[in-house]
Amino acid sequence: MTVLDSKIPEGPLADKWTNHKNSLKLVSPANKKKMEIIMVGTGVAGAAAAASLGQMGYKVKVFCYQDSPRRAHSVAAQGGINASKNYRNDNDSDYRLFYDMLKGGDFRAREANVYRAAEVSNSIIDQLTAQGVPFAREYGGTLATRSFGGVQVSRTFYASGQTGQQVLLGSYTALKRQIAKGNVTMYSRRQMLDIVVKDGQTQGIVCRNLVTGEMERYAAHAVVLATGGYGTIYFLSTLAVNASGAAAYTAYKRGAFFANPSFIQIHPSCIPQLNEYQSKLTLMSESLRNDGRVWVPKEKGDKRKPGDIPVEERDYYLERRYPAFGNLVPRDIASRAAKERCDAGYGVGETGYAVYLDFADAIKAQGKKTIKAKYGNLFDLYQKITGENPYQQPMKIYPAGHYTMGGIWVDYNLMTTVPGLFAIGEANFSDHGANRLGASSLMQGSGDGYFILPYTIGGYLADKIKSKPLSTDDPEFEKVENEAKNKIERLMNIKGNTSPLAFHKKLGKIMWDHAGMARNEEGLKKGLKEVTDLEEEFYKDLKLTGDTSSMNQPLEKALRVAASFEISRLMLRDALNRKESCGAHFREEYQTEDGEAMRNDDQYMYVAAWQYKGDGKEPVLHKEELKFEFVTPTKRSYK
Amino acid sequence: MKLTLKIWRQKSPKDEGKFETYQLDNASQDMTFLEMLDAMNEKLISEDKDPVAFEHDCREGICGSCAMMINGKPHGPGKEITTCQLNMKAFKDGDTIMVEPWRTNSFPIIKDLVVDRSAFEKIMEAGGFIDVDVAAVPDANAYPVEKHKAEEAFDAAECIGCGACVAACKNSSAMLFVAAKVSQYALLPQGKIEGVQRAWNMLMKMDELGFGSCANTGACETECPKGISLAHIARLNREFIKAGFTKLAGEKR
Numbered sequence: 001m002t003v004l005d006s007k008i009p010e011g012p013l014a015d016k017w018t019n020h021k022n023s024l025k026l027v028s029p030a031n032k033k034k035m036e037i038i039m040v041g042t043g044v045a046g047a048a049a050a051a052s053l054g055q056m057g058y059k060v061k062v063f064c065y066q067d068s069p070r071r072a073h074s075v076a077a078q079g080g081i082n083a084s085k086n087y088r089n090d091n092d093s094d095y096r097l098f099y100d101m102l103k104g105g106d107f108r109a110r111e112a113n114v115y116r117a118a119e120v121s122n123s124i125i126d127q128l129t130a131q132g133v134p135f136a137r138e139y140g141g142t143l144a145t146r147s148f149g150g151v152q153v154s155r156t157f158y159a160s161g162q163t164g165q166q167v168l169l170g171s172y173t174a175l176k177r178q179i180a181k182g183n184v185t186m187y188s189r190r191q192m193l194d195i196v197v198k199d200g201q202t203q204g205i206v207c208r209n210l211v212t213g214e215m216e217r218y219a220a221h222a223v224v225l226a227t228g229g230y231g232t233i234y235f236l237s238t239l240a241v242n243a244s245g246a247a248a249y250t251a252y253k254r255g256a257f258f259a260n261p262s263f264i265q266i267h268p269s270c271i272p273q274l275n276e277y278q279s280k281l282t283l284m285s286e287s288l289r290n291d292g293r294v295w296v297p298k299e300k301g302d303k304r305k306p307g308d309i310p311v312e313e314r315d316y317y318l319e320r321r322y323p324a325f326g327n328l329v330p331r332d333i334a335s336r337a338a339k340e341r342c343d344a345g346y347g348v349g350e351t352g353y354a355v356y357l358d359f360a361d362a363i364k365a366q367g368k369k370t371i372k373a374k375y376g377n378l379f380d381l382y383q384k385i386t387g388e389n390p391y392q393q394p395m396k397i398y399p400a401g402h403y404t405m406g407g408i409w410v411d412y413n414l415m416t417t418v419p420g421l422f423a424i425g426e427a428n429f430s431d432h433g434a435n436r437l438g439a440s441s442l443m444q445g446s447g448d449g450y451f452i453l454p455y456t457i458g459g460y461l462a463d464k465i466k467s468k469p470l471s472t473d474d475p476e477f478e479k480v481e482n483e484a485k486n487k488i489e490r491l492m493n494i495k496g497n498t499s500p501l502a503f504h505k506k507l508g509k510i511m512w513d514h515a516g517m518a519r520n521e522e523g524l525k526k527g528l529k530e531v532t533d534l535e536e537e538f539y540k541d542l543k544l545t546g547d548t549s550s551m552n553q554p555l556e557k558a559l560r561v562a563a564s565f566e567i568s569r570l571m572l573r574d575a576l577n578r579k580e581s582c583g584a585h586f587r588e589e590y591q592t593e594d595g596e597a598m599r600n601d602d603q604y605m606y607v608a609a610w611q612y613k614g615d616g617k618e619p620v621l622h623k624e625e626l627k628f629e630f631v632t633p634t635k636r637s638y639k
Numbered sequence: 640m641k642l643t644l645k646i647w648r649q650k651s652p653k654d655e656g657k658f659e660t661y662q663l664d665n666a667s668q669d670m671t672f673l674e675m676l677d678a679m680n681e682k683l684i685s686e687d688k689d690p691v692a693f694e695h696d697c698r699e700g701i702c703g704s705c706a707m708m709i710n711g712k713p714h715g716p717g718k719e720i721t722t723c724q725l726n727m728k729a730f731k732d733g734d735t736i737m738v739e740p741w742r743t744n745s746f747p748i749i750k751d752l753v754v755d756r757s758a759f760e761k762i763m764e765a766g767g768f769i770d771v772d773v774a775a776v777p778d779a780n781a782y783p784v785e786k787h788k789a790e791e792a793f794d795a796a797e798c799i800g801c802g803a804c805v806a807a808c809k810n811s812s813a814m815l816f817v818a819a820k821v822s823q824y825a826l827l828p829q830g831k832i833e834g835v836q837r838a839w840n841m842l843m844k845m846d847e848l849g850f851g852s853c854a855n856t857g858a859c860e861t862e863c864p865k866g867i868s869l870a871h872i873a874r875l876n877r878e879f880i881k882a883g884f885t886k887l888a889g890e891k892r
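Sequences listed follow chains A and B, in order.
In this text, residue positions in the first sequence follow our numbering: the first is 1, and each later residue adds one.
In this text, residue positions in the second sequence follow our numbering: the first is 640, and each later residue adds one.
Here's what the structure looks like:
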């Protein structure tokens, strides 16, 4: 029997959230002032939630590792943010957005959560616009939209190719406003090291001040993790290099279940790795596939310049394989299709691991000026990195690790299996199933932050109005702080020969090779062993210099890498357990004759939630069955 | 390629700090500048030395973390790029490269190349937002915005808050930073309402935090990695003058 209660409300799909909100307990203004909330992370979800909660009157403390909340990696989202406004009169609706997301996620998400995400989407656009987010406009002054992958309507709002930056700054300024009002206190340059749980409830956090090296304790009635995903597990990814799943790992060790860890999105259009020195990969927004056509030569190993290859000798493989959606198939499908062509020897570029994304036809049809207005900054970014001009020759792209659909398990209230510990945005697992559709991460993060968590957390806090937060002098705080100190001491005292960066690179290679775009039993088992061997080596041969009483960036990195071993094992185990292919999780053993993912609804229509049982012990799998009451899961076809 | 790096080393805010010279023999033109620093730090760690602290995160020119003077220029050679986007192709074998942190009293040095830019946060808290509550908003299409104004507002909103404008200015002025925010909002109907008050509050805070006044040299625009135009400072000045008159009128009443 499962211990998981998703707390999905009863009633018709479209009424669930309204009914639930009406049934949630409220906290009175007088009591809100006494209720303390800790927010960890300041991306769109964290900043929005902190601003919302501050406005409501709660006492909020916000933490981030950067020098400013404005630097969280939501800032790098490019293409857009979805909403079911139906501004184009293309018959869009909450239901269609919900259905697209659910299908895009290969029917591995909860109906109720996904519907709610769609339901609040319109309010997000209203909110951000009011905050001064300069979304793209039509000549008449109304908001413009564009299309994204896996969708047949135009519902993506955007600000050039920097939508994430603008959406984040919208939430960041809302947060600044609450800080100015004194409702929210900001603690930047802090690395959260542990969560304090006592009497079955979350009591606070312990973090390291990255400037002074001091340990700090903070207590609250509830802790919210808005700490993003763990895509840097591959070392090379589109993520910020300091991003990691370390906070999620901490929650997992303190009893929060980790859900669907193997569901990780590989984004199809990134600038390919150019050399061995590279420290990260840069995304080229999915929006480019609105106008860019993806192709490779029909001839294997064709080394001619792209412009010299006549149209009839090109294989527009996405248009060929998926005529209904063409270049705008979802990300998992586009990624696998690129890998298939390159593995078969049709790839381009020096390494043969790239495909073309070509704008020549679009420029011919619409003019350079129009294309520049739509994607100018992305073209510039591409040129800065590669030295090639995409107005004159096609871009070369290849998939890279990008987003984690998996994450901390939460119920409908976004609460983890540890009472008082919540997870929002990419940090939780909730809305994207096995694959996320483009422009829905800003949407989910903002929705969780502005309109969902601020209500659901009240339902939890309403029962706590008589209690004060635990004293930070409590022995439990002492104990957790000592554990964190010991962990740091242990790392500092290894005094081996290998830097944390070198370990991260090694781990990344293992994970990309065995748990990347295609997985199989043999590779996954091999990966498990290699990760464990590497971890052993890490604790024997890690080298750190400097001290712990001032800024020590390699130490920060080592703490992140240390957490990544267990997350890697969770990913590998989860991928081994799931003997089917769905969304981004592609098991080579389970595919159709034409290479499409083969789902197994009879056996795997569930969320896999893993419970920590101690270091070196196998985690326990809990299954949350996914019930589809309102839609019938179909074979996911974009042909 | 072989490089000589003269890097500012400073243990803590109170430490005096000085340039240290390092040799790096295994640099490559294929590296970005930060990857070159990574290689440098790997070498320092292998020699049991404390690696150079520097800020970086997204490594694609959008988070605004990376910030350093390279050969006397904020973010180094090249136009409209951040340090993380700077390619080592800009240098050649045998070069000596000077690397230092932003130099301004308003951004105290924390360690090596890391400075404290919290003064920017304080300026933002003084008025860098639209005074609107969550959920208390009309439909997004309720206020049309002329396309070119929306685009100009976007150009201003591109600011990444890195501080290069301050580092480039001989007066250490934060005018371009303030102007970017004031101008973005002044161009939009949502932000116009409190535009005048915002300009006043943000500039007063900038002044209070010890940033200088505009030097009118345009160095900020030249060095801004996002190419934010001086025209925004002109708009800020107009808003500020209006604020002055409004204040005067208010005092008379």
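Glycine is no exception: its CB is placed at the ideal position from the N, C-alpha and C atoms.
Note that the coordinates shown come from a computational prediction; the quantities given were computed from them, not determined experimentally.
Beta strand (DSSP E) segment containing residue i, residue limits
| i | result |
| --- | --- |
| B/E659 | 657-663 |
| B/E739 | 735-739 |
| A/M39 | 36-40 |
| A/F422 | 421-423 |
| A/D194 | 190-198 |
| B/Q823 | Segment 814-825 is the alpha helix (DSSP H) holding B/Q823; no beta strand (DSSP E) there. |
| A/V607 | 606-611 |
Interface partners of residue i on chain A, CB under 7 Å
| i | result |
| --- | --- |
| B/F793 | P134, A159, S160 |
| B/V594 | Absent from the model: residue 594 of chain B. The displayed extent of chain B is 640 to 892, so no value can be given. |
| B/Y824 | G132 |
| B/G800 | S68, R70 |
Under 9 Å by beta carbon: chain A residues contacting residue i
| i | result |
| --- | --- |
| B/P716 | The premise fails here: B/P716 is roughly 13 Å from chain A at the closest Cβ pair, so nothing lies under 9 Å. |
Rounded separation between residue i and residue j - CA only
| i | j | result |
| --- | --- | --- |
| B/R892 | B/G767 | For B/R892, the pLDDT reaches just 49, beneath the cut-off of 50, and the residue's location in the model is therefore unreliable, although a value from the coordinates is still provided. Their Cα atoms are separated by approximately 28 Å. |
| A/M1 | A/D358 | Its pLDDT being 45, under 50, A/M1 is placed unreliably in this model, and the value from its coordinates should be taken loosely. The straight-line gap from Cα to Cα measures roughly 53 Å. |
| B/T856 | B/C808 | 8 Å |
| B/N876 | B/Q829 | 20 Å |
| B/A774 | A/S123 | 7 Å |
| B/D664 | B/L642 | 6 Å |
| A/D647 | A/D343 | As displayed, chain A neither begins before 1 nor continues past 639, which places residue 647 of chain A out of reach and without an answer. |
| B/F793 | A/A373 | 12 Å |
| A/G54 | A/K468 | 19 Å |
| A/L143 | A/V223 | 36 Å |
| A/I494 | A/L542 | 6 Å |
| A/L544 | B/L752 | 19 Å |
| A/T634 | A/D594 | 18 Å |
| A/L281 | A/D533 | 27 Å |
| A/V27 | A/I452 | 15 Å |
Residues that residue i contacts on chain B, provided the C-beta gap is smaller than 8 Å
| i | result |
| --- | --- |
| A/H73 | D696, C697, C702 |
| A/S640 | No information on residue 640 of chain A is available, as it lies outside the stretch 1 to 639 that chain A covers here. |
Within chain B, partners of residue i - CB distance below 9 Å
| i | result |
| --- | --- |
| A/Q166 | F793, A796, E797 |
| A/K543 | I684, S685, D687 |
Delimiting residues of the alpha helix (DSSP H) encompassing residue i
| i | result |
| --- | --- |
| A/G445 | 441-446 |
| B/N840 | 834-847 |
Any non-hydrogen atom of the ligand GDP closer than 7 Å to residue i Cβ
| i | result |
| --- | --- |
| A/R436 | With respect to small molecules bound, the structure shown includes none, and the ligand GDP cannot be examined in it. |
**Item:** Segments assigned beta strand (DSSP E), at least 3 residues, entirely inside the segment 663-728 of chain B
**Value:** If we require 3 residues or more, the segment 663-728 of chain B turns out to have no beta strand (DSSP E) run fully inside it.
**Message:** Report the start-end ranges of each alpha helix (DSSP H) in the segment 315-374 of chain A that is 4 residues or longer and not cut off at the edges.
**Reply:** If we require 4 residues or more, the alpha helix (DSSP H) runs fully inside the segment 315-374 of chain A come out as 317-321, 331-343, 360-366.
**Request:** Report the residues of the segment 575-607 of chain A with a CB closer than 9 Å to any CB of chain B, ordered along the chain.
**Result:** Only those residues of the segment 575-607 of chain A whose C-beta falls short of 9 Å from the nearest C-beta of chain B would be listed, and there are none.
**Prompt:** Quick one, which residues of the segment 828-844 of chain B are near chain A if we go by CB-CB under 9 Å, in chain order?
**Reply:** Listed by position along the chain: Q829, G830.
**Asked** Using Cβ-Cβ distances below 8 Å, what residues of the segment 73-88 of chain A are close to chain B?
**Response** Within the segment 73-88 of chain A, the qualifying residues are H73, V75, A76, K85, Y87.
**Start-end ranges of the alpha helix (DSSP H) lying completely within the segment 22-92 of chain A, minimum 4 residues** = As far as the segment 22-92 of chain A is concerned, its whole alpha helix (DSSP H) runs of at least 4 residues are 29-32, 44-56.
**Request:** Anything in the segment 40-70 of chain A with a Cβ closer than 7 Å to a Cβ of chain B? List those residues in chain order, please.
**Result:** Cβ contacts with chain B come from A51, S52, Q55, Q66, D67, S68, R70.
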